[in-house]
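What follows is a single structure, written as structure tokens, with notes after it.
There are 4 protein chains.
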Amino acid sequence: MFETTLHIKLYDTDAAGIVFFANHFRLAHDAYEAFMKSIGCRLDRIIIETDYLLPVVHAEADYKRPIPVGATIGVSMTAAVRETSFVLSYQMKDEDGELVATLETVHVAVDRKTGAKIPLPKEIKDGLLTIC
Amino acid sequence: MFETTLHIKLYDTDAAGIVFFANHFRLAHDAYEAFMKSIGCRLDRIIIETDYLLPVVHAEADYKRPIPVGATIGVSMTAAVRETSFVLSYQMKDEDGELVATLETVHVAVDRKTGAKIPLPKEIKDGLLTIC
Amino acid sequence: MFETTLHIKLYDTDAAGIVFFANHFRLAHDAYEAFMKSIGCRLDRIIIETDYLLPVVHAEADYKRPIPVGATIGVSMTAAVRETSFVLSYQMKDEDGELVATLETVHVAVDRKTGAKIPLPKEIKDGLLTIC
Amino acid sequence: MFETTLHIKLYDTDAAGIVFFANHFRLAHDAYEAFMKSIGCRLDRIIIETDYLLPVVHAEADYKRPIPVGATIGVSMTAAVRETSFVLSYQMKDEDGELVATLETVHVAVDRKTGAKIPLPKEIKDGLLTIC
Chain V
171 MFETTLHIKL YDTDAAGIVF FANHFRLAHD AYEAFMKSIG CRLDRIIIET
221 DYLLPVVHAE ADYKRPIPVG ATIGVSMTAA VRETSFVLSY QMKDEDGELV
271 ATLETVHVAV DRKTGAKIPL PKEIKDGLLT IC
Chain R
171 MFETTLHIKL YDTDAAGIVF FANHFRLAHD AYEAFMKSIG CRLDRIIIET
221 DYLLPVVHAE ADYKRPIPVG ATIGVSMTAA VRETSFVLSY QMKDEDGELV
271 ATLETVHVAV DRKTGAKIPL PKEIKDGLLT IC
Chain H
171 MFETTLHIKL YDTDAAGIVF FANHFRLAHD AYEAFMKSIG CRLDRIIIET
221 DYLLPVVHAE ADYKRPIPVG ATIGVSMTAA VRETSFVLSY QMKDEDGELV
271 ATLETVHVAV DRKTGAKIPL PKEIKDGLLT IC
Chain Y
171 MFETTLHIKL YDTDAAGIVF FANHFRLAHD AYEAFMKSIG CRLDRIIIET
221 DYLLPVVHAE ADYKRPIPVG ATIGVSMTAA VRETSFVLSY QMKDEDGELV
271 ATLETVHVAV DRKTGAKIPL PKEIKDGLLT IC
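In order, the protein sequences belong to chains V, R, H and Y.
This note's numbering puts the first residue of the first sequence at 171, with every later residue one more than the last.
This note's numbering puts the first residue of the second sequence at 171, with every later residue one more than the last.
This note's numbering puts the first residue of the third sequence at 171, with every later residue one more than the last.
This note's numbering puts the first residue of the fourth sequence at 171, with every later residue one more than the last.
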């Protein structure tokens with residue numbers, strides 16, 4: 171399991187006073203970026219340098235409780251590894267340990283030039299296996 | 171079916187050159203806001219004035235093709251109405267009519283003060299029935 | 171003068187109930203993108219295809235009145251053309267014609283490869299002269 | 171001087187591969203929020219609980235170098251205190267200590283109900299004086 175802590179900013183919220191539902195996906199992506207960095211596979215390097223890409227093909231979220239501005243959210247992330255793709259599952263909890271949202275993103279490995287699916291690159295797979 | 175057209179802006183995209191996956195939910199919400207306005211139930215009024223709220227409790231997206239900067243996207247939206255909630259389904263197509271993404275958001279009607287589920291307000295239900 | 175109309179979305183606002191100050195710059199950029207399209211110089215094409223770029227080197231805003239969620243904002247834009255750069259000035263007004271904000275962005279033409287300043291490309295200059 | 175470190179996320183950037191110019195203001199606001207928290211004046215509490223607000227009345231930025239995705243940016247912030255307002259100045263530097271941008275935001279203290287300017291609240295003024 172990979173864990174990180176996020177601080178909700180004013181601009182994460184909207185006029186309803188809570189985090190805008192689409193921004194939960196941004197927050198989940200923060201955790202994903204932090205995880206990738208932790209396994210030595212920085213996303214910015216992947217976008218620029220590698221011969222593969224890892225686009226998101228599916229994303230979903232279940233919202234349990236509204237997240238107010240100023241909240242501190244703990245995110246824990248686990249992975250499921252498949253042949254050419256992986257699934258990340260996120261749990262978001264508030265300071266009291268209450269579950270505020272669960273999310274899932276599915277990423278597929280594709281050849282940068284052809285766009286065809288490819289087996290998960292070894293460095294990605296090895297990193298993911300540490301949080302399966 | 172409710173239909174609207176969206177223009178992808180530079181800030182909808184990221185360094186990978188395509189729309190960031192979380193922003194598809196913002197774009198879907200654009201269609202939702204436009205629809206609500208069309209049925210006389212402006213979201214900004216609901217947030218400020220009514221005794222109910224319509225929070226999103228579930229959202230999901232399937233990404234079929236990357237959306238490049240500068241694209242014009244047609245969104246068509248249909249609804250399914252339940253007792254205390256409704257489901258909106260979105261299809262996003264590019265200029266060539268190719269499907270680029272499908273999304274779904276589930277909204278529940280709650281009492282503003284207690285947070286308890288309530289039957290869908292009549293004006294919302296009547297509006298939604300026009301696109302069921 | 172180039173004029174366009176913008177609809178303030180829920181996600182443009184924050185928990186204070188008004189447009190987040192940084193988002194005024196996004197809105198101004200919406201007007202800029204629409205203008206560039208109108209003169210046949212689509213920004214997305216410039217980013218991908220041309221041998222020059224037009225980065226923003228300065229931006230500023232004066233906020234006169236808060237913009238609430240759901241507002242419709244009229245933006246009028248004028249340009250000042252220099253040798254290697256141009257200045258865009260934006261006025262934002264609400265439905266009552268009240269000034270809500272003024273903004274300015276300064277863009278410089280640079281060679282994509284070297285990053286060196288270059289004279290404004292003719293198609294850009296000609297387009298800008300129509301709103302000087 | 172108040173100092174903080176920011177990690178540039180994929181969604182801070184656009185299709186040009188660098189941080190979108192409006193997002194520098196969001197990043198500066200991150201530093202502002204962190205500072206306010208450090209002096210015991212959390213912005214989320216101000217928005218909800220106090221009888222004053224601190225709206226931004228002016229903002230500006232000078233962009234020196236593009237900020238790429240994945241960058242780590244050091245922000246140092248200083249303040250100038252006036253009777254009813256304050257000015258925050260931000261310097262953003264990259265990992266090599268190179269200046270990438272300078273920004274300024276001007277905030278005015280207003281009565282929440284009347285919107286009239288008021289003297290800076292003591293807790294805000296005292297906090298700001300520590301970084302003047």
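Note that beta-carbon positions come from the ideal geometry of N, C-alpha and C, so glycine has one too.
Treat the numbers as computed from the prediction; the structure is a model and nothing was measured.
Q. What are the boundary residues of the alpha helix (DSSP H) that R:Phe-205 is part of?
A. Reading the second sequence from its first residue, position 35 is the one you call residue 205 of chain R. R:Phe-205: member of the alpha helix (DSSP H) spanning 193-208, first to last residue.
(Q) Using only CA atoms, which one of V:Phe-195, V:Glu-203, V:Lys-287 and V:Ala-192 lies nearest to V:Arg-252? (A) Within the first sequence, residue 252 of chain V is the residue found at index 82, counting from 1. Comparing alpha carbon positions, the residue from V:Phe-195, V:Glu-203, V:Lys-287 and V:Ala-192 closest to V:Arg-252 is V:Lys-287.
Q: Compute the Euclidean distance between the alpha carbons of R:Ile-165 and V:Phe-205, then round it to the nearest angstrom.
A: Outside the shown range of chain R (171 to 302) lies residue 165 of chain R, about which nothing can therefore be said.
Q | Boundaries of the alpha helix (DSSP H) in which H:Gly-285 is found, first to last residue | A | Here the question's residue 285 of chain H lines up with position 115 in the third sequence. Where H:Gly-285 is concerned, there is no enclosing alpha helix (DSSP H), given that its DSSP letter is neither H nor E.
Q: Inspect the beta-carbon positions of H:His-228 and Y:Tyr-233 and report whether they are closer than 8 angstroms.
A: Your numbering for residue 228 of chain H matches position 58 in the third sequence. Your numbering for residue 233 of chain Y matches position 63 in the fourth sequence. Cβ atoms of H:His-228 and Y:Tyr-233: closer than 8 angstroms.
Q: Identify the continuous alpha helix (DSSP H) that holds R:Gly-297 and give its terminal residues.
A: Start at 1 with the first residue of the second sequence, and residue 297 of chain R comes out as number 127. The continuous alpha helix (DSSP H) containing R:Gly-297 extends over residues 292-299.
Q.
Just to check my reading of the structure: Y:Thr-254 and Y:Pro-289 have Cβ atoms closer than 8 angstroms, yes? What is that Cβ distance to the nearest angstrom?
A. Along the fourth sequence, read from residue 1 onward, the residue named residue 254 of chain Y stands at position 84. Along the fourth sequence, read from residue 1 onward, the residue named residue 289 of chain Y stands at position 119. Contact between Y:Thr-254 and Y:Pro-289 holds: their C-beta atoms lie close to 6 angstroms from each other, under 8 angstroms.
Q. Which chain H residues are close to R:Val-239, counting only those with a beta carbon under 7 angstroms from its beta carbon?
A. Translated into positions along the second sequence, residue 239 of chain R becomes position 69. Chain H residues near R:Val-239: Asp-214 and Ile-217.
Q: Could you tell me which residues DSSP puts in a beta bridge with H:Glu-173?
A: If you number the third sequence from 1, residue 173 of chain H lands on position 3. Checking the DSSP bridge columns, you'll see H:Glu-173 partnered with H:Ser-246.
Q: Give a yes or no on whether the minimum CB-CB distance between V:Phe-195 and chain H is below 8 angstroms.
A: Against the first sequence, residue 195 of chain V aligns to sequence position 25. Answer no: the Cβ-Cβ gap between V:Phe-195 and chain H never drops below 8 angstroms.
Q: Assign R:Leu-213 to one of three DSSP states: helix, strand, or coil.
A: Taking the first residue of the second sequence as 1, we reach residue 213 of chain R at position 43. Note: R:Leu-213 maps to helix in three-state DSSP.
Q | Alpha-carbon spacing of H:Ile-296 relative to H:Ala-250, whole angstroms | A | If you number the third sequence from 1, residue 296 of chain H lands on position 126. If you number the third sequence from 1, residue 250 of chain H lands on position 80. Checking the sequence shown, residue 296 of chain H turns out to be Asp, not Ile. Rounded to the nearest angstrom, the two C-alpha atoms are 12 angstroms apart.
Q | Min CB distance R:Glu-265 to chain V below 8 angstroms | A | In the second sequence, the residue the question calls residue 265 of chain R occupies position 95. Interface with chain V (8 angstroms Cβ-Cβ cutoff): R:Glu-265 is excluded.
Q: Please check the pair V:Ala-192 and R:Arg-196, which I expect to be a contact at CB under 8 angstroms, by giving their CB distance rounded to whole angstroms.
A: Against the first sequence, residue 192 of chain V aligns to sequence position 22. Against the second sequence, residue 196 of chain R aligns to sequence position 26. Right, their Cβ atoms sit about 5 angstroms apart.
Q. Grouping DSSP H, G and I as helix and E and B as strand, with all else coil, what is R:Leu-224?
A. Numbered from its first residue, the second sequence carries residue 224 of chain R at position 54. The three-state reading of DSSP puts R:Leu-224 in coil, since its state is none of H, G, I, E or B.
**Q.** Closer than 7 angstroms: V:Pro-225 CB and nearest the ligand GTP heavy atom
**A.** Ligands displayed in this structure: none; no statement on the ligand GTP is therefore possible.
Q. Any idea what DSSP makes of Y:Asp-182, helix, strand or coil?
A. Here residue 182 of chain Y refers to the residue found at position 12 when the fourth sequence is read from its first residue. Taken through DSSP and simplified to helix, strand or coil, Y:Asp-182 comes out as helix.
Q. Would you call the segment 270-281 of chain H and the segment 171-178 of chain Y touching, i.e. three or more CB-CB distances under 8 angstroms?
A. Verdict: no, contact absent.
Q: Give the range of the beta strand (DSSP E) segment to which H:Phe-256 is assigned.
A: In the third sequence, residue 256 of chain H corresponds to position 86, counting from 1. For H:Phe-256, the enclosing beta strand (DSSP E) begins and ends at 255-263.
Q) With DSSP run on the structure shown, which of helix, strand or coil describes H:Glu-268? A) Position 98 of the third sequence, counted from the first residue, corresponds to residue 268 of chain H. Coil.
**Q.** Inter-residue spacing [alpha-carbon to alpha-carbon] between Y:Val-239 and R:Met-262
**A.** The count along the fourth sequence starts at 1 and reaches residue 239 of chain Y at position 69. The count along the second sequence starts at 1 and reaches residue 262 of chain R at position 92. If you take the alpha carbons of Y:Val-239 and R:Met-262, they lie about 28 angstroms apart.
**Q.** Cutoff 8 angstroms: R:Leu-180 Cβ touching any chain Y Cβ
**A.** What you label residue 180 of chain R is simply residue 10 of the second sequence in a count that begins at 1. Yes, R:Leu-180 lies at the interface with chain Y (some Cβ there is under 8 angstroms from its Cβ).
(Q) For chain V, check one thing: does any of its Cβ atoms lie closer than 8 angstroms to the Cβ of H:Thr-183? (A) Walking along the third sequence from the start, residue 183 of chain H turns up at place 13. Taking Cβ atoms only, chain V reaches closer than 8 angstroms to H:Thr-183, which makes this a yes.
**Q.** Reduced DSSP category for H:Ile-218 - H, G, I as helix; E, B as strand; rest coil
**A.** Reading the third sequence from its first residue, position 48 is the one you call residue 218 of chain H. Note: H:Ile-218 maps to helix in three-state DSSP.
(Q) For a test of the three-state rule: what should DSSP assign to Y:Pro-236, helix, strand or coil? (A) For the purposes of this step, residue 236 of chain Y is identified with residue 66 of the fourth sequence, where counting begins at 1. Y:Pro-236 falls in the coil class under three-state DSSP.
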